[in-house]
Amino acid sequence: MDIVTVPSSPPAEGAPRAARPLLEITRIYAEPAAAESARGRQILARWPEAEVVEVPSHWQIPELHGDERNVRRWVRIKTEALVLGTKKTLTVRPNGRSADFIAPSHANGCAMACVYCYVPRRKGFSNPVTTFTNIEQISAAIAKHAGKQGMKLEPNQCDPDLWVYDLGENSDCSVDAMISDNVRDLVDLFSALPNAKASFATKYVNREMLDWNPQGKTRVRFSLMPAETAKLVDIRTSPVPERLAAIDDFVEAGYEVHVNFSPVIIEDGWQQKWAELLQQLDASISPAAKAQLACEIIFLTHNRTLHEVNTGWNPKAEQVLWRPDLQEAKVSQNGQANVRYRFDDKQQYLSDFRQLVERFAPWCRIRYAF
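In UniProt numbering, the protein residues as written are 1 to 370.
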């Protein structure tokens, strides 16, 4: 690999955010029980001018789900619509990759619009945030499960000492925290559990979370990719320089901070772009942050249905995401028919990426690579 070393200097300040806010809720679709709950009333009070539409189920909203005409309104729906529901299934699922367990979702969907996101594959043409208002039941299910685990006696790739519960499998917790107190309640819950910690990946810097008290029991994983690529595929997210600049602040506030190099997209010059990002990371964060930081490396997984949806609103991004010349079909753990980089090629890509980390950020422990 011929990589040009760039001068070690802090990243430039991020570009200004678009004038329109991430959330500008004008219509709230609500299950009756969700609207009547304490958390539901709290959320409705935050947007008192919003139209409230009663729905029988957060999964069955015809004007949001399954209507291909919504592709043209993809971002507007994410900005203006919010769904309130009750989480019916409170199962904690084993994971063993990024986390030991997947916690019951406190939310589903996102106000951001990352082009490769897998959540819209199941919703169909629209993916605004659904907030589950029965947070007490969700928290109780997590606490009960953690109580049954006892102490973690053997270290693993998830954590050497504590059981790790992923909170944001289907949403971005930093954005969810702008809607309700669900995420704060969960951070407070884990700060009191003796044998477990929370974990979530995010592409949004929510500095209000710096005023919380996680006590080292919540792991925030800032997702990073080369800034040029992120402008194309990480729509409505915090700019990458802003994410880099937040790492030290979150460490100082008592969070454990890791990074996700995710997704790694194979494109012209990808090795050089990632080399530059790794050098920016090395120059940006303090020794204290480096001492506790680890990373995940996750290569792109895509999906034909999502490709077709994206073509309707962001076709330029699909030029780097949809690469039949590099990809092969692969059925995911949840049964979805996806495409991933060809196996043998991907092993070489992984090897190349590990070498980049070793060269430009040798202090960064690779916790998980896929």
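Ideal Cβ positions, reconstructed from N, Cα and C, are used throughout, including at glycine.
- In the DSSP annotation of this structure, the continuous segment of the alpha helix (DSSP H) that includes residue 43 starts and ends at 38-46.
- One Cα belongs to residue 228, the other to residue 115, and the distance between them is close to 15 Å.
- Apart from the 5 residues on each side of it in sequence, residue 303 sits with its Cβ closer than 8 Å to the Cβ of 118, 121, 336, 337, 338, 339 in its chain, given in chain order.
- Looking at the DSSP output, residue 216 bridges to nothing.
- Secondary structure at residue 60: coil, using DSSP grouped into helix, strand and coil.
- For residue 327, the beta-bridge partners assigned by DSSP are 341.
- Contact check for residue 106 against residue 183 passes: the beta carbons are separated by less than 8 Å.
- If you check the CB distance, residue 346 and residue 299 come in under 8 Å.
- Secondary structure at residue 322: coil, using DSSP grouped into helix, strand and coil.
- In the DSSP annotation of this structure, the continuous segment of the beta strand (DSSP E) that includes residue 81 starts and ends at 81-85.
- When 223, 51, 212 are compared, the shortest CA-CA separation from residue 253 is found for 212.
- In this structure, 26 is the residue among 293, 90, 131, 26 with its C-alpha nearest to the C-alpha of residue 79.
- If you compare the alpha carbons of 368, 155, 188, 328 with that of residue 294, the shortest gap goes to 368.
- Contact check for residue 261 against residue 235 fails: the beta carbons are separated by 8 Å or more.
- For residue 243, the enclosing alpha helix (DSSP H) begins and ends at 240-252.
- Between residue 141 and residue 84 the beta-carbon gap is near 19 Å, outside 8 Å, which marks them as no contact.
- Listed in chain order, the alpha helix (DSSP H) elements of length 4 or more contained wholly in the stretch 171-212 are 173-176, 182-192.
- Bounds of any beta strand (DSSP E) do not take in residue 288; it lies within the alpha helix (DSSP H) bounded by 287-292.
- Residue 208 counts as exposed, since fewer than 16 other beta carbons sit within 10 angstroms of its beta carbon.
- Contact between the stretch 352-369 and the stretch 275-285 is present: three or more C-beta pairs spanning the two stretches fall below 8 Å.
- DSSP places residue 163 in the strand class (E or B) of the three-state scheme.
- DSSP, reduced to helix, strand and coil, places residue 23 outside both helices and strands of the structure shown, so it counts as coil.
- Residue 325 counts as exposed, since fewer than 16 other C-beta atoms from the protein chains shown sit within 10 angstroms of its C-beta.
- Taking each of 215, 58, 112 in turn and checking the Cα distance to residue 76, the smallest one comes out for 112.
- Linking residue 41 to residue 308 through their CA atoms gives a straight-line distance of about 38 Å.
- According to the DSSP assignment, residue 283 belongs to the alpha helix (DSSP H) that extends over 270-284.
- Counted as a single uninterrupted DSSP element, the stretch harbouring residue 310 is not any beta strand (DSSP E) but the alpha helix (DSSP H) occupying residues 304-311.
- Just so you know, the alpha carbons of residue 134 and residue 37 end up roughly 7 Å apart.
- By the Cβ-count criterion, residue 151 is exposed, with fewer than 16 other Cβ atoms from all chains shown falling within 10 Å of its own Cβ.
- By the Cβ-count criterion, residue 354 is exposed, with fewer than 16 other Cβ atoms from all chains shown falling within 10 Å of its own Cβ.
- Ranked by Cα distance from residue 317, the options 267, 275, 57 are led by 267.
- Cβ-Cβ distances below 6 Å link residue 199 to 99, 164, 166, 219 in the same chain, with the five nearest sequence neighbours on each side left out; the list follows chain order.
- With respect to the 8 Å criterion, residue 370 and residue 97 are classified as neighbours on the basis of their beta carbons.
- In this structure, residue 257 lies near residue 289, with their beta-carbon atoms less than 8 Å apart.
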